[in-house]
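Asker: The structure that follows is given in the form of structure tokens.
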Amino acid sequence: MKATAATIAAVQRPDGGIPWETGGYLDPWNHLEAAMGLDVAGFGAEAEAAYDWLVRNQRPDGSWAARYQDDGIDLSTMDTNFTAYVAVGTRHHFLRTGDHAWLERMWPVVDRAVDAVLRRQQPSGAIPWRDDPEVRLVAGCSSIHHALTQALALASTMGLDRPQWRDAANRLRAALVGEPRLFAAKPHAMDWYYPVLGSVVTGDDASARLAAGWDRFVAPGLGVRCVHHEPWVTGGETAELALTLAARGDRARAGELLACVARLRLDDGSYWTGYQYADEEFWPDERTTWTSGAVLLATAALDGDPATCAVFGEQSHEW
Numbered sequence: 001m002k003a004t005a006a007t008i009a010a011v012q013r014p015d016g017g018i019p020w021e022t023g024g025y026l027d028p029w030n031h032l033e034a035a036m037g038l039d040v041a042g043f044g045a046e047a048e049a050a051y052d053w054l055v056r057n058q059r060p061d062g063s064w065a066a067r068y069q070d071d072g073i074d075l076s077t078m079d080t081n082f083t084a085y086v087a088v089g090t091r092h093h094f095l096r097t098g099d100h101a102w103l104e105r106m107w108p109v110v111d112r113a114v115d116a117v118l119r120r121q122q123p124s125g126a127i128p129w130r131d132d133p134e135v136r137l138v139a140g141c142s143s144i145h146h147a148l149t150q151a152l153a154l155a156s157t158m159g160l161d162r163p164q165w166r167d168a169a170n171r172l173r174a175a176l177v178g179e180p181r182l183f184a185a186k187p188h189a190m191d192w193y194y195p196v197l198g199s200v201v202t203g204d205d206a207s208a209r210l211a212a213g214w215d216r217f218v219a220p221g222l223g224v225r226c227v228h229h230e231p232w233v234t235g236g237e238t239a240e241l242a243l244t245l246a247a248r249g250d251r252a253r254a255g256e257l258l259a260c261v262a263r264l265r266l267d268d269g270s271y272w273t274g275y276q277y278a279d280e281e282f283w284p285d286e287r288t289t290w291t292s293g294a295v296l297l298a299t300a301a302l303d304g305d306p307a308t309c310a311v312f313g314e315q316s317h318e319w
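Read in the working numbering, the sequence shown has 8 at position 8, and its numbers run on one by one without any break.
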């Protein structure tokens, strides 16, 4: 784990930002995924530097831009699930450290971010992806639902009540479960497993959902196909599914999936983004920090890390 985390730290900029790769762009969601990976590998100072970057770059309305380059904002629009994800990372780091003083500093950041996202919630309960109110994504909204569960847990830790957040989470979940027509139909694995990872569906319903899509998305011995009809498995999706399973106690299948990811590992501990198995080549030509972060989180969950299992395990719908 430490070798992989060291490759993330090597890409991290002096200001704490973690781009996809050296010289590449940064987005807040993948920045957080990499930061959590640093945390579980014992790189706590580097993880806190990543959270400091979020504090400094939060905009007055509570959001972050969708994409940043070294010299500033590259794509100024707000991506709702990117902004919400700060709640997931904040609770993960707090549970890892128990640092209440740090949480006191981060809480206003989380509070503003959640409110920024929920200002865009529609009467249906769904939340648009970016600026187009008609583009709503299953994976993105499932990630927001996950973030709301963590934001509510943080509020409880702070001794605060946020009934409007509970209502928003319930309405969002009802839209995802009961109104599929509201969301863009996509052939991606994330639309299959994210409602489980985000605790939109739980218990037997979650097991049934995973079973229904397993053969469509999982290539035996290779990993998870990013898109069901393409012969391309990706480390991020494979690790996230392993994380989903491990945090819910399905250690056997989680371990099998993580073993598949070893194909993508380089000698320095970094990971290729994906493998095109029809052509037998790694593609694209990139080694992304968020892939490494997802692998580290899945490994931590498989090892029973309490913070990772608490944050990424099944969340109660009773707040």
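Note that CB positions come from ideal geometry on N, CA and C, so glycine has one too.
1. Quick one: Cα of Pro195 to Cα of Thr244, how far?
2. Can you list, in chain order, the stretches of the alpha helix (DSSP H) that have 4 or more residues and sit fully within the segment 43–68?
3. Is the CB-CB distance between Leu241 and Val227 below 9 Å?
4. Which of the three DSSP states, helix, strand or coil, is assigned to Thr77?
5. For Phe183, name the three-state secondary structure that DSSP assigns.
6. By DSSP's criteria, Tyr275 is part of a beta bridge. Which residues make up the other side?
7. Is it true that the segment 285–298 meets the segment 67–80, where meeting means three or more beta-carbon pairs spaced less than 8 Å apart?
8. In the DSSP output, which residue or residues are listed as bridge partners for Leu258?
9. List in chain order: all unbroken alpha helix (DSSP H) runs of 4+ residues lying wholly within the segment 89–119.
10. Can you tell me whether Thr22 is buried or exposed? The criterion is at least 16 other CB atoms within 10 Å of its CB, across all chains shown.
11. Cutting at 7 Å between CB atoms, please list the residues of its own chain near Ile8, excluding the five before and the five after it.
12. State the beta-bridge partners of Ala219 as determined by DSSP.
13. If you run the structure through DSSP and keep just helix, strand and coil, what is Leu32?
14. Using only CA atoms, which one of Gly249, Met190, Pro28, Ala212 lies nearest to Val224?
15. Rounded to whole angstroms, how far is the Cβ of Ala300 from the Cβ of Val88, which I believe are closer than 8 Å?
16. Hey, would you say Leu296 sits closer than 9 Å to Met1, going by beta carbons?
Answerer: On the basis of the coordinates in this document:
1. Just so you know, the alpha carbons of Pro195 and Thr244 end up roughly 10 Å apart.
2. Here the runs fully enclosed are 44–57.
3. Result no, Cβ atoms of Leu241 and Val227 do not sit closer than 9 Å.
4. Looking at Thr77 - three-state DSSP - the assignment turns out to be strand.
5. In the three-state DSSP reduction, Phe183 falls in the coil class, being neither helix nor strand.
6. DSSP output for Tyr275 lists Val233, Phe282 as bridge partner(s).
7. Judged by Cβ distances under 8 Å, the segment 285–298 makes no contact with the segment 67–80, as fewer than three pairs qualify.
8. Answer is none; Leu258 lacks a bridge partner.
9. Positions of the alpha helix (DSSP H) runs, each at least 4 residues long and wholly inside the segment 89–119, are given as 100–118 in order along the chain.
10. If you draw a 10 Å sphere on the C-beta of Thr22, you find fewer than 16 other C-beta atoms in it, and that means exposed.
11. Ile18, Ala34, Gly37, Leu38, Thr289, Ser292, Gly293.
12. DSSP, once it has assigned bridges, lists Gly223 as partnering Ala219.
13. Three-state result, Leu32: helix.
14. That would be Met190, whose Cα lies nearest to the Cα of Val224.
15. The pair is not a contact, with the Cβ atoms about 14 Å apart (cut-off 8 Å).
16. Taking 9 Å as the cut-off, the beta carbon of Leu296 is found closer than this to the beta carbon of Met1.
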